[in-house]
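Numbering (mature numbering (1 follows the signal peptide of the UniProt record, and there is no 0)), first residue to last: -25 to -1, 1 to 82.
Note that CB positions come from ideal geometry on N, CA and C, so glycine has one too.
Nothing here was measured: the structure is a model prediction, and the numbers come from that model.
Reading through the structure tokens given below for one structure.
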């Protein structure tokens, strides 16, 4: 087995550690901003949901917005950002996708 000199070992370890750094400072700032925006969207969706529930049933159309699915997708996105910013260790990736279709027909 080939032995590396101490300086070479230090460079190799430093390079590997540098590659495992999940995000730069500016990227972390932007992702933190995205997290705050997701929270704002969730609050807006909750206000819209309450308004929809309180609306006159005769004004409701055939379709309605699926607030539960939208909130679930926002939580999935937020959790993905959290996992990227603070990885614990190598984990299997969550393959459940974002639904994307929020228009539902009334029963």
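{"query": "Touch test, the segment 2 to 9 against the segment 69 to 76, Cβ-Cβ under 8 Å, three pairs minimum", "result": "no"}
{"query": "Residues that residue 80 bridges to, as DSSP identifies them", "result": "38"}
{"query": "Close beta carbons around residue 52, own chain, < 6 Å, minus the five adjacent residues each side", "result": "none"}
{"query": "Buried versus exposed, by CB contacts within 10 Å (16 or more), residue 45", "result": "buried"}
{"query": "Supposed close pair residue 20, residue 42 - CB separation, criterion 8 Å", "result": "6 Å"}
{"query": "Enclosing alpha helix (DSSP H) for residue 25 [first to last residue]", "result": "-1 to 29"}
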